[in-house]
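Student: Submitted below is the structure of interest, expressed as structure tokens.
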Amino acid sequence: MNEARFAQLLEIYGAVPDRWPAADRAAALALVVRSSRAAGMLAEAAALDRAIEASRSPVAPEALARLRHRIAADVARLPAPRPRPRLFGALARLEPFAPAGVGALAVLAVGFAWIIWGSPDQDFVMNGPQTLTLLGSLL
């Protein structure tokens with residue numbers, strides 16, 4: 000831990016060590032013990048934290064109650080969400096895959112039509128011995 004990193008900790012998290020990252024806390028406290036400059040930086044940061052805390056105006060309980068009441072009234076006026084049927088909820092989760100599904104359906108339809116209505120040319124139909132000859136030549 001060096002003084003530049005310690006200054007960053009003070010700027011980001013303030014002078015309270017409990018707010019500092021746990022990984023840096025022990026090294027930062029050790030630096031404060033061994034460095035008078037780091038101790039001075041910590042004192043300045045603590046004074047700044049106290050000044051900021053003192054500048055905050057307290058919230059009036061009545062104002063806070065009015066704000067809570069207004070928020071609750073606004074929430075009560077919101078329309079209640081309608082429950083979605085389970086089937087449509089499942090289909091809605093599949094919506095990103097719709098283009099792929101349409102493409103797959105088109106391929107299936109073309110394949111089905113080809114199988115059903117396409118008749119093979121009799122010249123290309125092989126009988127048993129021709130099939131065995133072809134398989135034998137491949138092996």
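Using the numbering used here, you'd call the opening residue of the sequence shown number 0 and step up by one each time. Just so you know, even glycine gets a beta-carbon here, dropped at the ideal spot from N, CA and C.
For the alpha helix (DSSP H) holding tryptophan 113, just list the boundary residues, first then last.
Tutor: Here the alpha helix (DSSP H) through tryptophan 113 covers 97-116.
Student: Expressed to the nearest angstrom, what Euclidean distance is found between the alpha-carbon atoms of glutamate 2 and leucine 8?
Tutor: 10 Å
Student: Go to methionine 0, then tell me how far its alpha helix (DSSP H) extends in each direction, as first and last residue.
Tutor: The continuous stretches of alpha helix (DSSP H) do not include methionine 0, and DSSP gives it neither H nor E.
Student: Check this for me: beta carbons of leucine 30 and alanine 37, under 8 Å apart or not?
Tutor: Closer than 8 Å, so yes.
Student: So alanine 14 and leucine 41 are in contact, right, with Cβ under 8 Å, and what is the actual spacing, rounded?
Tutor: With a contact defined as Cβ atoms closer than 8 Å, alanine 14 and leucine 41 qualify at about 6 Å.
Student: Residue ranges of each alpha helix (DSSP H) run of no fewer than 4 residues wholly in the region 16-103, ordered along the chain?
Tutor: 21-33, 35-54, 60-76, 85-92
Student: Are the CB atoms of methionine 0 and alanine 27 within a distance shorter than 8 Å?
Tutor: yes
Student: Which of the three DSSP states is assigned to glycine 13 in this structure?
Tutor: coil
Student: Between glutamate 61 and arginine 49, what straight-line distance do the alpha-carbon atoms span, to the nearest angstrom?
Tutor: 26 Å
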